[in-house]
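Structure first, commentary second.
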Amino acid sequence: MKRATTDPWLARYLLIGMTLGFILVFLIFPVCVILIEALRHGLAVYFSALSADHSINAIRMTLMVAVTVVPLNTVFGVCAAWAITHFKFPGKSLLVSMIEIPLWVSPVVGGLVFALIFGRQGWLGKWLEAHEIQIMFAFPGIVLATAFVTFPFVARGLIPLMQAQGCAEEEAALTLGANGWQLFWRVTFPKIKWGVLYGMILCNARAMGEFGAVSVMAGSVDDKMTMPLQIENYYQALGPDALSRAFALASLLLLLSAVTLAIKIGLEWRRLAPSYARPPKPELVH
Amino acid sequence: MNAVSTLPPEAHGYTPEGPVKPVPARSGRRRHILPGFHLTLGYTLIYLSLIVLLPLLALVLKTVTPTKDYPSISQVVGHVFEVATDTRSVDSYWLSFGISFAAALLNGVFGFVAAWALVRYEFPGKKAFDALVDLPFAMPTAVAGLALCQIFSKKGGYLGGPLYDWFGWKIAYTQWGILIALTFIGFPFVVRTLQPVLSDLAAEVEEAAACLGANRWQTFRRVIFPAVSPALLTGVMLAFGRGVGEYGSVVFISSMLPYRTEITPHLIIIKLDESDYVGAAGLGLVMLLMSLAIVVTVNVLQYFSARRRGRA
């Protein structure tokens, strides 16, 4: 039956065709290219490319950064969401906006701000040099820059979730004599655990894949390269060996994004977590 | 004295002066029933200040604080101004802004089409395609840049060679390459902003338009499009904001030639390498102000979008 809301078949096929065409060319094709280029010379070459010294170093660095940053931002995200959704206080919507700042700022600026503090001519540069503390071009600097760019991810997912859940159950637990710690672990955490996981997954993907901020803080120090930086390094080095190493590392990061996407979609389809991409609804914030 | 008057005024609701005013919530600790207010808010504020606010403040202060090379405030500010208005910087703003804008418009068109098709039509594999829209969010930008550069460079062995041989088009290492990278990065913003708005549109409105004799195109142009246009604009602005700051993917596909294919973030990194921290801070401040302008625009659009949805 033709209904008033049905589009003409020509428009329908044209629009579906454009959508599929765009997704195929822009999204699926690049993924295939990474896989083809990584495996072009066979599995032996692929694994030897991954076990090159620089590659191993970069993988270790990336994992260390993610293992440090994700828990830090997760603890922050849970605290921020608890404070924002369970209490009334002045300046709350300002706080929510400030948490989102890193989403808006260029990642390079995110690295720059720490360079201006910890770099040689930065605010603390002289003092750090005198005490022989290395932050820029070293692990702590990379962690700080990554923490900046991944800062809002956990909080941003949890705030609408906890807002929607309300705090009636927490108040009930309180009347039954639960203390704060019991309240959180026995009542609140079971309700929000999938939301926390969702935020951590997104935070982790960004932490492992961040380029701009980390490239400011890591500079061109060889053993401080994370995977994305090392990919660029290999790519600039030219030569077939370097290129296959670049694509081998890229394929690992691609695997990471596939896992991220799978968990994210799993949680969204089961309606356990809100979609990150949607801008927060204004009415949820207040 | 009768019994009623011994009750507190709250109990019977009236005082000699008229109805009882609601008692304002008591300030101080008693206002919060649940525990952990001071702990969580305190930690939130400290961590926020350490990771975000103080570093941003350090950037702003760097543009007005005298250093060894620029011993007075007027010299520092003068240098910041000089760097920020330098031809090379201005060209990079135009490039960053212009190409991000073009990519955002392209995303506006394709994002609208994709959101429409994914919400309105049924076709095989729809759920999988819908899921893939998020790929640019999940994929590290360096990986995207590497793949796109391989596809569009002449020697990459994919589209770049034929496009050059048949049409004479050079894409990688030109402004077109940056356009493609930024389009890839911004695509999900438009689709994901539009989808909920499109699926919330009431079918009755379109049926009413049809009953009144509108054809499908008129219904779209006069009824549907005005209702979703604030959301479309929001999505386009989000993609634009992301594109202006993007670095990871562009670094692969652009040659970063000064005045031609050099984006502002790259110029910041060059200034840092030259140890011109004040100049880098100046450019950083320009980018911060750009982001601020975009945030304000998006919030205004969100406000109108919410109002329009409320009315529909």
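Line by line, the protein sequences give chains A and B.
The numbering used here numbers the first residue of the first sequence as 2 and each following residue consecutively.
The numbering used here numbers the first residue of the second sequence as 1178 and each following residue consecutively.
Built from N, CA and C at the ideal position, the CB exists for glycine as well.
Decide if residue i is buried, meaning its Cβ has at least 16 other Cβ atoms within 10 Å, or exposed.
| i | result |
| --- | --- |
| Trp1293 (chain B) | buried |
| Arg61 (chain A) | exposed |
| Trp1271 (chain B) | exposed |
| Ile1328 (chain B) | buried |
| Trp1343 (chain B) | exposed |
| Ile1228 (chain B) | buried |
| Gln135 (chain A) | exposed |
| Pro1313 (chain B) | buried |
| Gln164 (chain A) | buried |
| Arg1484 (chain B) | exposed |
| Ser1249 (chain B) | exposed |
| Thr147 (chain A) | buried |
| Gln237 (chain A) | exposed |
| Tyr1436 (chain B) | exposed |
| Trp10 (chain A) | exposed |
| Tyr1454 (chain B) | buried |
| Asn1284 (chain B) | buried |
| Gly1456 (chain B) | buried |
Any C-beta of chain E sitting closer than 9 Å to the C-beta of residue i?
| i | result |
| --- | --- |
| Phe1344 (chain B) | Within the model displayed, chain E is absent; protein chains A and B are what it includes. |
Which residue's Cα is closest to the Cα of residue i: the options?
| i | options | result |
| --- | --- | --- |
| Met228 (chain A) | A:Leu255, A:Asp242, A:Pro241 | A:Leu255 |
| Leu1478 (chain B) | B:Pro1232, B:Gly1422, B:Leu1415, B:Ser1431 | B:Leu1415 |
| Val66 (chain A) | A:Ser258, A:Cys204, A:Ala238, A:Leu262 | A:Cys204 |
| Ala1349 (chain B) | B:Tyr1436, B:Ser1432, B:Leu1469 | B:Ser1432 |
| Leu1216 (chain B) | A:Glu38, A:Ala82, A:Thr7, A:Ala59 | A:Ala82 |
| Leu1234 (chain B) | A:Lys89, A:Arg121, A:Leu117, A:Thr86 | A:Leu117 |
| Ser49 (chain A) | A:Tyr236, A:Leu125, A:Ile264, A:Ser245 | A:Ser245 |
| Val1257 (chain B) | B:Ile1471, B:Leu1462, B:His1443, B:Ser1468 | B:Leu1462 |
| Cys1326 (chain B) | B:Leu1449, B:Lys1448, B:Ser1426, B:Arg1437 | B:Ser1426 |
| Gly210 (chain A) | A:Thr261, A:Gly220, A:Asp223, A:Asp224 | A:Thr261 |
| Ile85 (chain A) | B:His1209, B:Leu1236, B:Asp1307, B:Thr1262 | B:His1209 |
| Gly1322 (chain B) | A:Leu230, A:Arg121, A:Pro91 | A:Leu230 |
| Trp1353 (chain B) | B:Gly1275, B:Arg1265, B:Leu1218 | B:Gly1275 |
In chain B, what lies closer than 9 Å to residue i by C-beta?
| i | result |
| --- | --- |
| Gln166 (chain A) | Neighbours of Gln166 (chain A) on chain B: none; closest Cβ ~13 Å, over 9 Å. |
Note down the Cα distance separating residue i from residue j, rounded to an integer number of angstroms.
| i | j | result |
| --- | --- | --- |
| Gln183 (chain A) | Cys80 (chain A) | 16 Å |
| Met201 (chain A) | Phe154 (chain A) | 8 Å |
| Glu1383 (chain B) | Tyr1298 (chain B) | 16 Å |
| Pro1373 (chain B) | Gln1395 (chain B) | 23 Å |
| Asp1377 (chain B) | Leu1282 (chain B) | 24 Å |
| Gly142 (chain A) | Lys1303 (chain B) | 43 Å |
| Phe30 (chain A) | Ala251 (chain A) | 15 Å |
| Phe1287 (chain B) | Ala1391 (chain B) | 26 Å |
| Leu175 (chain A) | Tyr1220 (chain B) | 23 Å |
| Arg1203 (chain B) | Thr20 (chain A) | Reliability fails at Arg1203 (chain B), whose pLDDT of 47 lies under 50, so the model's placement of it is uncertain and no value is given. |
| Arg1207 (chain B) | Trp186 (chain A) | Since pLDDT at Arg1207 (chain B) reaches only 48, below the 50 mark, its modelled position is unreliable, and no value is offered. |
| Leu95 (chain A) | Val70 (chain A) | 25 Å |
| Ala249 (chain A) | Leu113 (chain A) | 30 Å |
| Leu268 (chain A) | Asp242 (chain A) | 40 Å |
| Arg271 (chain A) | Ala53 (chain A) | 41 Å |
| Leu145 (chain A) | Ile193 (chain A) | 27 Å |
| Asn197 (chain A) | Val215 (chain A) | The amino acid at residue 197 (chain A) is misidentified as Asn; the sequence shows Val. Answer to the nearest angstrom: the Cα atoms are 25 Å apart. |
| Arg13 (chain A) | Glu172 (chain A) | 52 Å |
| Asp8 (chain A) | Val76 (chain A) | 49 Å |
| Gln1252 (chain B) | Pro1243 (chain B) | 8 Å |
| Ala1379 (chain B) | Ala1385 (chain B) | 10 Å |
| Glu101 (chain A) | Tyr1341 (chain B) | 43 Å |
Listing by chain order, which chain B residues have their CB less than 8 Å from the CB of residue i?
| i | result |
| --- | --- |
| Gln122 (chain A) | Thr1244, Ser1452, Tyr1454 |
| Val114 (chain A) | Pro1232, Leu1233, Ala1235, Leu1236, Gly1461 |
| Ser258 (chain A) | Leu1312, Ala1315, Met1316, Pro1317, Val1320 |
Name the chain B residues that come within less than 7 Å of residue i, Cβ to Cβ?
| i | result |
| --- | --- |
| Asp54 (chain A) | Those within 7 Å of Asp54 (chain A) in chain B number zero; the least Cβ separation is about 20 Å. |
| Met163 (chain A) | Those within 7 Å of Met163 (chain A) in chain B number zero; the least Cβ separation is about 12 Å. |
| Val217 (chain A) | Ile1446, Leu1449 |
| Ala148 (chain A) | Ile1228 |
| Ala249 (chain A) | Per Cβ cutoff of 7 Å: no residues; Ala249 (chain A) is ~11 Å from chain B at best. |
What residues from chain A crowd round residue i, counting only those whose CB sits closer than 9 Å?
| i | result |
| --- | --- |
| His1209 (chain B) | His87, Phe88, Lys89, Phe90 |
| Ser1468 (chain B) | Ile102, Trp105, Val106, Ser107, Val110 |
| Ile1471 (chain B) | Trp105 |
If the cut is a Cβ gap below 7 Å, which residues of chain A does residue i touch?
| i | result |
| --- | --- |
| Pro1442 (chain B) | Ser107, Val109, Gly213 |
Just the chain A side, please: which residues come within less than 8 Å of residue i by C-beta, in chain order?
| i | result |
| --- | --- |
| Phe1429 (chain B) | Glu233, Tyr236 |
Quick one, which residues of the segment 222-244 of chain A are near chain B if we go by CB-CB under 7 Å, in chain order? Pro229, Ile232, Glu233, Tyr236
Could you list the residues in the segment 67-87 of chain A with a C-beta less than 9 Å from some C-beta on chain B, going in chain order? Leu73, Asn74, Val76, Phe77, Val79, Cys80, Ala81, Ala82, Trp83, Ala84, Ile85, His87
Taking a Cβ distance cut-off of 8 Å, strictly less, list which residues of the segment 11-23 of chain A are near chain B, in chain order. Ala12, Arg13, Leu16, Ile17, Met19, Thr20, Leu21, Phe23
Listed from N- to C-terminal order along the chain, which residues in the segment 1285-1310 of chain B have their beta-carbon within a distance smaller than 8 Å of any beta-carbon of chain A? Phe1287, Val1290, Ala1291, Trp1293, Ala1294, Leu1295, Arg1297, Tyr1298, Phe1300, Phe1306, Ala1308, Leu1309, Val1310
Using a beta-carbon distance cut-off of less than 8 Å, what residues from the segment 124-146 of chain A approach chain B? Trp124, Leu145
Determine which residues of the segment 32-48 of chain A have a Cβ less than 8 Å from any Cβ of chain B, and write them out in chain order. Val32, Val34, Ile35, Glu38
What are the residues in the segment 1314-1331 of chain B lying within 9 Å of chain A by C-beta distance? Phe1314, Ala1315, Met1316, Pro1317, Thr1318, Ala1319, Val1320, Ala1321, Gly1322, Leu1323, Ala1324, Leu1325, Cys1326, Gln1327, Ile1328
Under 7 Å (Cβ pairs) to chain A, residues found in the segment 1379-1412 of chain B: Ala1380, Glu1383, Glu1384, Ala1387, Arg1393, Thr1411
Of all the residues that make up the segment 1339-1364 of chain B, which are near chain A by a beta-carbon distance shorter than 9 Å? Ile1357, Thr1360, Phe1361, Phe1364
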